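Position 30 of the sequence shown, counted from 1, bears residue number 29 in numbering that gives the first Met the number 0, the numbering being contiguous throughout. Cβ coordinates follow ideal geometry from the N, Cα and C atoms, glycine included. These numbers were taken from a predicted model, which means no experiment stands behind them. A short worksheet on the structure shown next.
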Amino acid sequence: MAIDDEIIRNAMRARIIKNNIFDESDFQFENVKFDPSGKNLWVRETWIGGDEEIYSTASTRMATALVEYDIYAKADTGTLRCGRAALAIENEFNLLTEGAIITVANHPELDIMVYKTGVNTRSEDTWYVQSVLLYLRVINRPNLAQG
């Protein structure tokens, strides 16, 4: 059974929302209409799939994946809020703490760990963007869900 990226995305997003970094209405997803008018800060979540392979046994799969959070602030309004939001996301999935481990409710078969982060910035016409790129390692052990 393939690893379901939507389950992982939802678990990550839930932590960001729970810790008041962003509200659910602040998220924009690929190929989904989103209107940022009236917002000073919002985030685009993009899943960038990675490799998935059989790992040790026929039922266990391992995958690597990337998820990117592009944080948008209106151009010429300063970068402080944007930078704070990027840092909060990075700290939420801190590699040196248990924060790097993502637990998924009702899915004990998934071991998900953030094992690297990257941050960069760029400017567009009306928005300043700071990106947080999280590299994930996912192991799916379906036999754990059964027993």
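Can you give me the C-alpha to C-alpha distance between N39 and C81, rounded to a whole angstrom?
Answer to the nearest angstrom: the Cα atoms are 10 Å apart.
Taking only runs of the beta strand (DSSP E) that begin and end inside the segment 4-76, which ones reach a length of at least 3 residues, in chain order?
Segments of the beta strand (DSSP E) lying fully in the segment 4-76: 26-28, 40-47, 51-54 and 56-73.
For I33, does the count of other Cβ atoms within 10 angstroms reach 16, so buried, or fall short, so exposed?
Position check: residue 33 holds Phe in this sequence, whereas Ile was assumed. F33 should be labelled exposed.
Got a sec? Which residues, its chain only, sit under 7 Å from A62 by beta carbon, not counting five neighbours each side?
So the qualifying residues of the chain are I2, G49, D50, E51 and V137.
Can you give the Cα-Cα distance for D95 and S58, rounded to whole angstroms?
Per the sequence shown, the amino acid found at residue 95 is Leu instead of Asp. Distance between L95 and S58, taken at the CA atoms: about 30 Å.
With the cut-off set at 8 Å, would you say V128 and I70 are in Cβ contact?
Yes, the pair counts as a contact, with Cβ atoms nearer than the cut-off.
How many Å lie between E97 and N90 at the Cα?
Using only the alpha carbons, I get a separation of about 11 Å.
Do the segment 2-20 and the segment 116-124 touch if we need at least three Cβ pairs shorter than 8 Å?
At 8 Å Cβ cutoff, the stretches do not touch.
Would D50 pass as an interface residue toward chain C - the criterion being a Cβ-Cβ separation below 8 Å?
Going by chain labels, chain C is absent from the structure shown, which holds only one protein chain.
Distance CB(L132)-CB(V113) smaller than 8 Å:
The answer is no: Cβ separation not under 8 Å.
Those residues which DSSP pairs with T102 across a bridge:
T102 is not bridged to any residue.
Any idea what DSSP makes of V128, helix, strand or coil?
Strand at V128.
Can you give me the C-alpha to C-alpha distance between V103 and R14, rounded to a whole angstrom?
Rounded to the nearest angstrom, the two C-alpha atoms are 10 Å apart.
Can you look up L109 in the DSSP assignment and give me helix, strand or coil?
Correct three-state label for L109: strand.
Out of I100, W41, V31 and P35, which one is the CA nearest neighbour of I16?
Comparing alpha-carbon positions, the option among I100, W41, V31 and P35 lying closest to I16 turns out to be W41.
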